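Right under this line is the structure:
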């Protein structure tokens with residue numbers, strides 16, 4: 007029974023990783039861009055939902071807000087931050103020479119933004135862990151002997167809903183078709199009239215939404231945030247993405263859940279210290295042996311890799 | 024005395040990419056010391072032939088012989104050491120290296136030993152490699168550019184640098200892919216003289232070109248490809264009379280129009 | 024020399040060596056985001072020999088370098104088969120695996136770290152840094168260096184020119200690894216203590232960024248990057264108090280603790296990274312710049328020769 011409880015905890019934990027992993031995989035799938043800012047956006051949302059509810063909005067007279075407003079505010083700021091990243095990383099990419107490191111220019115820029123956002127938050131709010139109390143933090147339900155905390159269940163449902171919705175958008179909407187065209191062949195897409203300038207920001211907006219959502223859900227679920235939460239989540243989300251296959255949304259889902267499970271089980275059997283080795287070792291092996299992951303490598307600009 | 028085998032020999036070469044046949048049963052020889060042109064309408068497969076010869080692709084069928092030895096299975100890395108060097112249709116120089124450095128890269132096949140690799144090229148005094156590269160650049164009239172980083176130079180200059188890079192490998196067989204593309208009449212003239220001079224030193228030339236004036240002046244032999252097949256293999260002097268060739272370029276049309284076009288290929 | 028400045032010089036020396044350690048693979052086109060992992064191997068290798076067996080520094084340091092070179096060499100083969108984003112991820116994953124492995128190895132002190140009995144004064148890392156710098160300049164001046172840079176620009180054509188691109192990349196990666204191991208060993212013996220928390224992902228990120236900022240086309244770049252990164256906090260120490268007064272008023276510093284001023288250094292590093300990638304992704308010091316500087320000296324003579332000819 008304890009084992010099953012751990013499994014269910016693992017799945018719940020995994021759902022946080024899933025959302026962030028989906029953000030990563032979407033950006034890589036459509037834009038061939040490993041966006042290192044993503045974990046920081048997640049942290050930003052988590053910290054802001056606390057900061058807005060505890061202190062209000064800086065530089066303004068607006069004081070502490072109810073958690074609902076803080077939630078919306080945090081997600082909104084995260085989306086704006088993500089769009090800023092787009093403006094100053096991707097928008098500026100000029101592939102002039104096609105040499106080995108040019109593809110990495112946005113990646114490096116995103117590392118720059120990672121440093122900026124993370125350290126500004128540290129400067130502004132310190133490095134301590136902060137308590138956050140959101141809705142129904144302590145309620146749980148009992149299903150067949152396993153305790154599931156309500157916020158966690160709600161998160162899982164929301165996350166799976168978002169992912170299914172995202173998948174639907176990609177498959178059936180015009181925006182989705184445009185994004186898939188860009189992913190497949192940016193030049194052909196351009197010739198066919200797909201307006202990359204309008205669609206690329208959509209990816210970043212979705213990224214902001216996903217990370218924002220993940221961040222606030224994390225804050226609600228765990229009741230604690232700190233500027234360090236992004237680091238850990240980021241690694242696990244990347245691992246989940248690679249396991250599932252770069253560019254595959256459902257791969258990111260499965261991968262994220264697997265990582266969550268692995269983490270819980272490793273802690274259960276071997277102790278917390280071994281998680282790092284287990285997860286990253288799994289990732290490294292997967293990169294060496296089956297880099298395309300479980301579901302293969304989707305729609306990445308061919309020839310760039 | 025037995026006849027020398029041709030320097031380069033393609034025998035029944037075929038190549039497809041994902042079901043699309045790009046080269047179909049092409050055979051021709053390039054005799055040692057000759058100057059041959061490989062021409063054909065766009066998409067005929069000329070660059071693919073170069074890519075097959077230099078080892079970038081492997082043929083699906085057929086053999087490639089260099090001086091009588093089959094090389095189609097030799098890794099691309101080793102082919103330059105066997106005596107062939109090429110230039111590229113879209114210039115492929117190293118954008119972040121200087122002109123001289125790009126040329127010195129061409130010497131690599133002749134300088135590959137560990138000692139050579141670890142000897143400074145320009146630290147204390149000059150090295151003979153650098154001198155050789157610079158002297159070759161001087162022969163082509165490019166010496167003022169030698170320190171310039173390639174990315175900043177005009178197209179025509181970069182085209183010529185590619186030829187120098189191929190030459191510095193001291194090849195027996197020089198494969199040039201559209202060396203005159205983008206050059207004006209004066210530059211084409213000087214390039215053609217230079218290539219004649221090179222050929223005079225014993226280098227065999229195989230040139231892909233669209234400039235028929237240059238081809239007529241430089242090459243006495245021509246092979247014509249169309250849709251991946253060889254449709255003509257013979258003297259340059261006779262190629263404009265060949266009906267298959269005319270049809271390939273112009274479609275079935277009267278002779279007067281095609282002759283006028285031949286004479287002035289750059290007219291719109 | 025005051026203890027403070029000797030500390031700075033030591034850190035500068037270590038940063039310079041790490042810069043070159045990352046520079047070598049990056050110069051061939053392989054971004055290495057796992058620098059801290061290799062440094063940790065060297066640091067713990069030296070620390071262990073010193074703590075457990077009492078070997079002197081002139082044994083532990085070469086051992087550390089050889090160990091790290093060996094690990095890099097073995098890793099290079101599967102690693103360099105991956106490309107692009109996969110390569111970056113794999114180097115990052117490797118550093119995390121090293122960190123996690125050391126964390127769980129009690130013989131190496133686990134999370135508590137390891138004390139290092141043998142100690143070196145700042146001239147040792149400084150001299151090592153000078154040697155490494157000279158070595159890097161030498162290497163880039165050889166055919167090996169030429170071919171490295173060619174492989175970065177166009178590995179297909181470099182291969183056609185007769186170069187074993189894979190071999191070059193493995194070699195660059197291995198030598199870079201050895202240098203990282205050297206930096207690690209020197210760290211162990213300069214600070215008398217190693218703990219795995221010091222060799223974290225941030226370190227890998229910083230070193231990659233300041234190498235890229237300095238410029239990866241010439242041996243000058245990493246030196247510039249390392250000097251800038253090391254000296255930035257010193258510069259900030261002068262500038263920041265003034266800034267803090269204004270900002271303390273504006274932000275209304277919230278939260279229980281004020282973050283260490285260190286954080287501004289990283290904000291600036293981040294901002295410069297973004298700007299550099301936007302406007303000059305090759306880094307500050309490029310081949311063109313060096314050529315222009317040395318060409319200007321030679322040009323007057325050149326024109327004289329042409330006139331005479």
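Residue numbers (the numbering used here), protein chains in the order written: chain A, 7 to 311; chain B, 24 to 291; chain C, 24 to 332. Using N, Cα and C, we set each Cβ at its ideal position, and we do this for glycine too. This structure is a prediction, so every number in the text was calculated from the model and none was measured.
{"Item": "Can you check whether the C-beta of residue 52 of chain C is within less than 7 angstroms of a C-beta belonging to chain A?", "Value": "yes"}
{"Item": "Of all the CB atoms in chain B, is at least one closer than 7 angstroms to the CB of residue 241 of chain C?", "Value": "no"}
{"Item": "Using the Cβ count rule (16 or more neighbours within 10 Å means buried), how would you classify residue 285 of chain C?", "Value": "exposed"}
{"Item": "Counting only runs of 4+ residues fully inside the segment 154 to 196 of chain B, write out the alpha helix (DSSP H) ranges in chain order.", "Value": "178 to 190"}
{"Item": "Jot down the residue ranges of each uninterrupted alpha helix (DSSP H) in the segment 47 to 123 of chain A, minimum 4 residues, whole runs only, in chain order.", "Value": "73 to 91"}
{"Item": "Can you have a look at residue 81 of chain C and say buried or exposed, based on whether 16 or more other CB atoms are within 10 angstroms of its CB?", "Value": "exposed"}
{"Item": "Anyone know if the C-beta pair for residue 34 of chain C and residue 152 of chain C falls short of 7 angstroms?", "Value": "no"}
{"Item": "Report the neighbours of residue 286 of chain C on chain A: residues whose CB is nearer than 7 angstroms to its CB, in chain order.", "Value": "125, 128, 129"}
{"Item": "Under a three-way DSSP split, which group does residue 35 of chain B fall into?", "Value": "strand"}
{"Item": "For the segment 95 to 119 of chain B, list every residue whose C-beta sits within 9 angstroms of some C-beta in chain C, in sequence order.", "Value": "98, 99, 100, 101, 102, 103, 104, 108, 109, 111, 115, 116, 117, 118, 119"}
{"Item": "Suppose only complete runs of 4+ residues qualify. What are the alpha helix (DSSP H) ranges in the segment 195 to 270 of chain A, listed by chain order?", "Value": "202 to 228, 235 to 250"}
{"Item": "Mind checking residue 9 of chain A: buried by the 16 CB within 10 Å criterion, or exposed?", "Value": "exposed"}
{"Item": "Determine the contact status of residue 32 of chain B and residue 48 of chain B, defining contact as a CB-CB distance below 7 angstroms.", "Value": "no"}
{"Item": "Start and end of the alpha helix (DSSP H) containing residue 173 of chain A?", "Value": "156 to 178"}
{"Item": "Listed in chain order, which residues of the segment 223 to 240 of chain C have Cβ atoms closer than 8 angstroms to some Cβ of chain A?", "Value": "224, 228, 231, 232, 235, 239"}
{"Item": "Name, please, each residue of chain C whose Cβ falls closer than 8 angstroms to the Cβ of residue 139 of chain B.", "Value": "166"}
{"Item": "Output the distance between the C-alpha atoms of residue 135 of chain B and residue 280 of chain A, rounded to the nearest integer angstrom.", "Value": "47 angstroms"}
{"Item": "Sorted by chain position, which residues of the same chain lie with C-beta nearer than 7 angstroms to residue 203 of chain C's C-beta, five sequence neighbours on each side aside?", "Value": "41, 44, 58, 61, 62, 65, 91"}
{"Item": "Between which two residues does the beta strand (DSSP E) harbouring residue 108 of chain B extend?", "Value": "107 to 109"}
{"Item": "Under 7 angstroms, Cβ to Cβ, is there at least one residue of chain A near residue 71 of chain C?", "Value": "no"}
{"Item": "Using a C-beta to C-beta distance shorter than 9 angstroms, which residues of chain B count as neighbours of residue 172 of chain C?", "Value": "117, 119, 120, 124"}
{"Item": "Could you pull the start and end residues of the beta strand (DSSP E) that residue 176 of chain C belongs to?", "Value": "That residue, residue 176 of chain C, is in no beta strand (DSSP E); its alpha helix (DSSP H) goes 166 to 176."}
{"Item": "Name the DSSP beta bridge partners of residue 9 of chain A, please?", "Value": "None, per the DSSP bridge assignment."}
{"Item": "Between the alpha carbons of residue 268 of chain A and residue 257 of chain C, how many angstroms are there, rounded?", "Value": "44 angstroms"}
{"Item": "Comparing alpha-carbon positions, which option in A/263, A/96, A/179 lies nearest residue 112 of chain A?", "Value": "A/96"}
{"Item": "If you count every other CB in all the chains shown that lies within 10 Å of the CB of residue 100 of chain C, and 16 or more means buried, which is it?", "Value": "exposed"}
{"Item": "Within 7 angstroms (strictly less), CB to CB, does residue 308 of chain A reach chain C?", "Value": "Any answer about residue 308 of chain A is weak, because its pLDDT of 30 lies below 50 and its placement is not dependable; what the coordinates show is given next. Taking Cβ atoms only, chain C never reaches closer than 7 angstroms to residue 308 of chain A, which makes this a no."}
{"Item": "Contact criterion: CB-CB distance below 7 angstroms. Does residue 109 of chain C meet it with respect to chain A?", "Value": "yes"}
{"Item": "In terms of residues, what are the limits of the beta strand (DSSP E) holding residue 86 of chain B?", "Value": "84 to 89"}
{"Item": "How far does the beta strand (DSSP E) with residue 255 of chain B in it reach, from first residue to last?", "Value": "252 to 258"}
{"Item": "Does the distance from the CB of residue 225 of chain B to the CB of residue 188 of chain B come in under 7 angstroms?", "Value": "no"}
{"Item": "My assumption, with CB atoms under 8 angstroms, is that residue 85 of chain B sits in contact with residue 34 of chain B. Please give the rounded CB distance.", "Value": "5 angstroms"}
{"Item": "Determine the extent of the beta strand (DSSP E) in which residue 227 of chain B is found, giving its start and end residues.", "Value": "227 to 231"}
{"Item": "Count the other CB atoms within 10 Å of the CB of residue 278 of chain C; is the residue buried (16 or more) or exposed (fewer)?", "Value": "Residue placement at residue 278 of chain C is flagged as unreliable, the pLDDT there being 39, under the threshold of 50; the coordinate-derived value follows with that caveat. Flag for residue 278 of chain C reads buried."}
{"Item": "Under the rule that 16 or more other beta-carbon atoms within 10 Å means buried, what is residue 300 of chain C, buried or exposed?", "Value": "buried"}
{"Item": "For residue 189 of chain A and residue 92 of chain A, what's the separation of their Cα atoms in angstroms?", "Value": "16 angstroms"}
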